[in-house]
Amino acid sequence: MGFDCGFDIHPRLEPTAANKDQYQRFLDEIIREYGDIYDERGRRADGKVLSTPGDAGASDRLHIRFMVGECPQLPSHPNGCYYFLRFSSKISGSLTSPAEPYIKGVYKTAKKYLGSRVHFWHEMSETGDERQFGYYDWQTVYDAEKELGKLTYPADERSGTSSLLDADAGRSSNSTQCLDLKQDSSSSQPATSSQLASKNGKAYAIMPVPSKGQGVIATRKIHKGTRIISEAPMFKVPRDEPSIQAVDDAIIRALKSLDRDDQRAFFSLCNAYGKAHSPFLGIARTNVLPLGSEAREGGLFLEASRVNHSCRHNAQNTWNASIGRLTIHALCDIEEGQEITISYLARRMEHSERQGFLKAKFLFDCSCDLCMLPPAQRQESDLRLRSIQSIDDTIGTGVASTPNTGLHLVRAMLRLLEEEGIWDAGVPRAYYDAFQIAVMDGDEARAKIFAERAYAARVVIEGDDSPTAARLRKLAERPSQHPLYQVRKDSPQEIDGLEFDDWLWRETNGQSDRSS
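Shown next, in the form of structure tokens:
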């Protein structure tokens, strides 16, 4: 059996240009540091620790391997960074124990370049200074390796990014093949996670769904945090215009600017309003999605508009102003054949309120899994949802200015969200509430941890190219950037996991901790 140690990359590295550049820098330093190291305890006869695609006779072009222990490996090209989830090995026996110092060394380098998403773990950890287990189950790690293995090697192309692997390969553009991920030809953006899910294309299909018309169905397993859709609006529609005729005229003008194929695509969309409005306004009102919570415009999206509602949704839609596109991310693992759904609700509502809102606003009766729960379970769910909304409202009124009370409320809300199976934007928002409470109290140690958690949760639902995620990353690195910040406290160094959580939320054995 034995025990392992290693580190996980969580959230996953979206293959943006910035992330690929940082990953390349990480690879370069690994090769500089370990490329000429020899260890007699290693797996190779010559004792060389590092095995790269540039080595003579190398058959594995996908990985850089450390030939110690169980030969921990990492993707050899920045285009494969999305599949880099774990670097680990058994370290408990005479054959595998030599891997531990290399794992710790690579961890420090990864932390330097990849930041707070790098998490060290050790299965024999007893102090609480480290996680005892990684973020991912092993099947998720194996699945990522399989997806990495599907990537192709163009024979005569190289990435434009300079790499020390070029030196190992004799800097011959023809002698070393490299990974090349195709991007959607309709987009100048970096390849999205949905494109990476398979070399054959998208991870979803638009098809009929019983009693719903058209819907979006997963054509293969989609992992939590994957960017499923990234789509620019066909056109924008004013949201606050009081004149219906003015909105109708704006839609008609926008349609006239489109080609015939796009016009036909627009008229193929659902119109839930029948003859209550003109067909232009009816289709727009049925399908337009907001371009941010405070935006004065909505966007018409041909594909994202096909994503149906569920009160227990498995995906999150967000307007990403940095790239000018609406993104939809998986909130959890979505199995092949499962419908991809988002929420049309603006707040937490119990069953009867949800039904009334959806009927009045979108003209349908919801029959999702949550709404169809047996009465007893539905009552339990309604109670949790009422409590979540009540706590959220209470925090918003300023009670959170009392630090202990505020943190206890946030922790209670996070527990209720987890019990209800909710992993949407409410989770990072709750951690940000906790961050603000800590900042206003001058508590640097807690503020940093809450900002890191808010950032990690936000990346899952929006990607690390979102403006909100970028702001949270900066706050996690330097809480002093927040205008309300003032230094007061340090975090404890030697307490275990449960005790650490109690310290974090200012609770001692479930009671309020007023001493820190």
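For what it's worth, the UniProt record's numbering labels the leading residue of the sequence shown as 1, then goes sequentially.
Cβ atoms here follow ideal geometry from the backbone N, Cα and C, with glycine treated the same way.
Among the options, the one whose alpha carbon lies nearest that of residue i
i      : options                          : result
Gln139 : Leu62, Asp333, Tyr204 and Ser310 : Asp333
Ser310 : Leu281, Glu297 and Gln355        : Gln355
Glu70  : Phe3, Phe84, Tyr135 and Ala110   : Phe3
Pro78  : Asp262, Ala18, Val68 and Val288  : Ala18
Asp502 : Arg473, Lys236 and Leu407        : Leu407
Ile217 : His351, Glu14 and Arg306         : Arg306
Gly396 : Val106, Ala434 and Arg86         : Ala434
Gly442 : Asp46, Pro403 and Gly35          : Pro403
Ala250 : Arg260, Asp259 and Arg239        : Arg239
Arg227 : Glu145, Ser466 and Leu475        : Ser466
Ser243 : His277, Ser257 and Ser230        : His277
Ala203 : Ala45, Glu336, Val141 and Leu363 : Glu336
Ser211 : Asp365, Ala470 and Arg44         : Asp365
Lys221 : Asp143, Leu258 and Asp259        : Asp143
Val141 : Thr16, Leu258 and Ile9           : Ile9
Same chain, Cβ closer than 6 Å to residue i, five either side skipped, listed in chain order
i      : result
Gly215 : Val209, Asn308 and Glu339
Ser125 : Gln132
Cys270 : Gly213 and Thr286
Gly282 : Asn271 and Tyr273
Asp168 : Below a pLDDT of 50, predicted positions are generally treated as unreliable, and Asp168, at 36, falls in that range; no measurement from the model is reported.
Tyr107 : Phe7 and Phe120
Gln22  : Tyr113
Gly47  : Tyr38, Asp39 and Glu40
Leu50  : Tyr34 and Gly35
Ile382 : In the sequence as presented, Ile is not what sits at residue 382; that position holds Asp. For Asp382, where only same-chain residues beyond five positions count, the Cβ hits under 6 Å are Glu350 and His351.
Contacting residues, own chain, Cβ-Cβ under 7 Å from residue i (five flanking each side not counted)
i      : result
Leu504 : Arg446 and Ile449
Cys5   : Ser88, Ile91, Glu100, Ile103, Trp121, His122 and Glu123
Arg347 : Gln389
Pro479 : Val439, Glu444, Ala447, Lys448, Ala451 and Tyr485
Ala265 : Leu302
Ala284 : Val237, Ile251 and Leu300
CB of residue i within 8 Å of CB of residue j, strictly
i           : j      : result
Ser343      : Asp424 : yes
Asn317      : Ala304 : yes
His482      : Val427 : no
Leu417      : Ile388 : yes
Thr341      : Asn314 : yes
Leu409      : Ile391 : yes
Gly134      : Arg86  : yes
Glu477      : Thr468 : no
Pro72       : Tyr83  : no
Phe26       : His119 : no
Leu326      : Leu373 : no
Leu13       : Leu148 : no
Arg312      : Leu370 : yes
Ala451      : Leu484 : no
Ile39       : Val68  : Reading off the sequence, residue 39 comes out as Asp, not Ile. Yes, these two residues count as a Cβ contact at 8 Å.
residue 593 : Ala454 : Absent from the structure is residue 593, since the part of the chain shown begins at 1 and ends at 516.
Cys30       : Thr96  : Looking at the sequence provided, one finds Ile at residue 30 rather than Cys. No.
Met234      : Leu302 : yes
Ile328      : Ile252 : no
Met349      : Phe362 : no
residue 575 : Arg386 : The displayed coordinates of the chain run from 1 to 516. Any statement about residue 575 would go beyond what the structure contains.
Chain-order list of residues whose beta-carbon lies under 8 Å from that of residue i (same chain, five-residue window excluded)
i      : result
Pro11  : Arg117, Gly225, Ala456, Val459, Val460 and Asp464
Lys236 : Ala254, Leu291, Glu297, Gly298, Gly299 and Leu300
Pro279 : Phe267 and Asn271
Glu419 : Arg384
Lys146 : none
Pro98  : Asp39, Arg41, Gly42, Val68 and Gly69
Backbone secondary structure at residue i - three-state DSSP
i           : result
residue 527 : The displayed coordinates of the chain run from 1 to 516. Any statement about residue 527 would go beyond what the structure contains.
Leu196      : Residue placement at Leu196 cannot be trusted, given a pLDDT of 35 that sits under 50; the coordinates are not used to answer.
Thr176      : Confidence is the limiting factor: at Thr176 the pLDDT is only 27, short of 50, which leaves the residue's position unreliable, though a coordinate-based value still follows. Thr176: coil per DSSP, three-state reduction.
Asn314      : coil
Ile91       : coil
Pro15       : coil
His277      : coil
Arg86       : strand
Asp501      : helix
Ile64       : strand
Leu407      : helix
Pro483      : coil
Pro375      : helix
Residue i - partner residues in DSSP beta bridges
i      : result
Ile221 : Reading the sequence as shown, one finds Lys at residue 221 and not Ile. The partner list for Lys221 (beta bridge, DSSP) is empty, contrary to what the question assumes.
Lys236 : Gly299
Met207 : Gly215
Ile342 : His309
Asn320 : Arg325
Trp121 : Gly6 and Arg131
Tyr38  : Lys48
Arg227 : His329
Any C-beta of chain D under 8 Å from that of residue i
i      : result
Gln377 : The structure shown has no chain D; it contains just one protein chain.
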